[in-house]
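For the sequence shown, the working numbering gives the first residue as 1130, with consecutive numbering after it.
What follows is a set of notes on a single structure, which appears directly below.
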Amino acid sequence: MADLVPLPATALRKHCTPDSLGFDTTEALADHAGDLGQERAVEAIRFGLAMGHTGYHVFVLGEAGSGKHATTFRLLRERAASEPVPPDLCYLHNFDESLKPRLLTLPAGRGAALRAHMQTFIRDLGPALAAALDSDAHSERVEALQNAHKAREEGALRELGQACAAEQISLLQTPEGFVFAPIRDGEVMSPEAFEALPEAERDQIEARVTAWSEKLEDLLNDFPGWRKAVRESIERAEHEVLGPAVSHLLREVREAHADLPEVLAFVDAVQHDVLDSAIKGTMLEEDEDDVSEPEENTRYHRYQVKLLVDHSASQGAPVVFENNPGYGNLIGRIEHVVQQGNQVSHFNLIRAGALHRANGGYLVLDAERL
């Protein structure tokens, strides 16, 4: 066995001359873009990312400081940059079932554009409706319809009154309604004078009063139908004056999204709801179903577009890291506000989760926190 030669301490230390490094400080060096001794791990991640089928995931495990997060994100971003941008996700009010909002998928960037167009529509809607209904032409038309209806009712009552007066029966209007009274010598008989008449004459008068009461009842039963007819005429007049105003406000939305049938269907539903609500008299009043919060304090919230996921500024597929993968953070949540002591919600209070934001791309989770 050879003798061991002791080494001095100076021989156990690597000597490096700073002049041989080629830089003054490490600040002059570029960040290392590669992976330190992780060729097999990198190849495994690339293989996993190339699996283009559903149901496959990549599980990355490594020591602290091994660069597993940095490597994973670098590979994901490299791959995602060459992949298509996923569509925007929007929620719309469902005019058929308000508790079941409609999900709308739009090409990237179109969701933000639609939201902006509808916000402009909402801003201009109230003044446009008020101006249309307050126009002189419309006011005169409604007044003419109301006056014609009033004249029709008054004329019918006057004609009935003249007919019964020919039979010595007077039609009187009291705070409680209409009553008939006998006439004698051009004057309405008092109850005492009527009771002083012979019984046979009283019976004849009462028979005539009964007959005329039945005719009055028939006439009064016609009044609701007449009033309904005039209301329908006024509604048609309002539809004719409001229709062009609402169509004008929505024209820009239709033109900008003419290639998207689902958007055009939504615009049609909005126009129908606006006209229906305005004609029923609920549009210019506070909506009972309205839910107010700082950014959505409007009676027209059902015409808004809830942009759940916006990819207008995205390039490539999304890469999302959820550091706290709880239930709400993953699948989103529905928030509530208190209105008249009750918790209420609507589609504008839906909040996106990581699964929504990562749709069409990649989601990275800390498995130990899941």
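Cβ atoms here follow ideal geometry from the backbone N, Cα and C, with glycine treated the same way.
Measure the Cβ-Cβ separation of residue i and residue j and say whether it is below 7 Å.
i: Asn-1488; j: Pro-1236; result: no
i: Ile-1460; j: Leu-1436; result: no
i: Ala-1285; j: Ser-1299; result: no
i: Ala-1336; j: Ala-1261; result: no
i: His-1246; j: Val-1382; result: yes
i: Asp-1217; j: His-1440; result: yes
i: Leu-1274; j: Val-1370; result: no
i: Phe-1307; j: Leu-1258; result: no
i: Arg-1498; j: Val-1438; result: no
i: Ala-1398; j: Arg-1270; result: no
i: Phe-1188; j: Asp-1402; result: no
i: Leu-1378; j: Asp-1265; result: no
i: Phe-1450; j: Val-1493; result: yes
i: Leu-1326; j: His-1368; result: no
Determine the DSSP secondary structure at residue i, reduced to helix, strand or coil.
i: Pro-1147; result: helix
i: Ser-1195; result: coil
i: Lys-1435; result: strand
i: Tyr-1429; result: coil
i: Asn-1471; result: strand
i: Val-1134; result: coil
i: Gln-1302; result: strand
i: Leu-1221; result: strand
i: Glu-1451; result: strand
i: Ala-1310; result: strand
i: Glu-1464; result: coil
i: Arg-1480; result: strand
i: Arg-1518; result: Since the first and last residues shown for the chain are 1130 and 1499, residue 1518 lies out of range.
i: Val-1189; result: coil
i: Arg-1206; result: helix
i: Leu-1158; result: coil
i: Val-1493; result: strand
i: Val-1214; result: coil
i: Arg-1231; result: strand
i: Glu-1316; result: strand
i: His-1182; result: coil
i: Arg-1524; result: As displayed, the chain neither begins before 1130 nor continues past 1499, which places residue 1524 out of reach and without an answer.
i: Ser-1342; result: helix
i: Lys-1357; result: helix
i: Lys-1279; result: helix
i: Phe-1152; result: coil
i: His-1485; result: helix
i: Gln-1248; result: helix
i: Ala-1387; result: coil
i: Glu-1364; result: helix
Quick one: is residue i buried, meaning 16 or more other Cβ sit within 10 Å of its Cβ, or exposed?
i: Asp-1495; result: exposed
i: Gln-1444; result: exposed
i: Phe-1152; result: exposed
i: Gly-1482; result: buried
i: Tyr-1432; result: buried
i: Trp-1341; result: buried
i: Leu-1243; result: buried
i: Val-1434; result: buried
i: Tyr-1220; result: buried
i: Ala-1407; result: buried
i: His-1222; result: buried
i: Gly-1240; result: buried
i: His-1386; result: buried
i: Leu-1158; result: exposed
i: Leu-1233; result: buried
i: Pro-1454; result: buried
Using alpha carbons as the reference points, say which of the options lies closest to residue i.
i: Phe-1176; options: His-1377, Arg-1208, Ser-1227, Ala-1193; result: Arg-1208
i: Phe-1202; options: Pro-1447, Leu-1371, Val-1473; result: Pro-1447
i: Arg-1462; options: His-1475, Val-1317, Gln-1433; result: His-1475
i: Ala-1170; options: Ser-1195, Thr-1146, Thr-1183; result: Ser-1195
i: Gly-1490; options: Phe-1188, Leu-1205, His-1401; result: Leu-1205
i: Phe-1250; options: Val-1493, Leu-1492, Gln-1400; result: Gln-1400
i: Ala-1292; options: Ala-1266, Ala-1140, Val-1338; result: Val-1338
i: Arg-1428; options: Gln-1248, Leu-1150, Ala-1387; result: Gln-1248
i: Leu-1478; options: Lys-1143, Leu-1228, Leu-1301; result: Leu-1228
i: Arg-1331; options: Thr-1234, Glu-1272, Gln-1297; result: Gln-1297
i: Ile-1363; options: His-1278, Pro-1230, Gln-1333, Asp-1160; result: His-1278
i: Ile-1312; options: Ile-1334, Glu-1328, Gly-1455, Pro-1327; result: Ile-1334
i: Leu-1190; options: His-1198, Gly-1238, Ala-1159; result: His-1198
i: Glu-1361; options: Lys-1409, Leu-1349, Glu-1343, His-1386; result: Lys-1409
i: Gln-1167; options: Thr-1200, Leu-1349, Glu-1156, Arg-1281; result: Thr-1200
i: Arg-1356; options: Gln-1472, Arg-1281, Leu-1133; result: Arg-1281
So, does the CB of residue i fall closer than 7 Å to a CB anywhere in chain C?
i: Phe-1309; result: No chain C appears in the structure shown, which is made up of a single protein chain.
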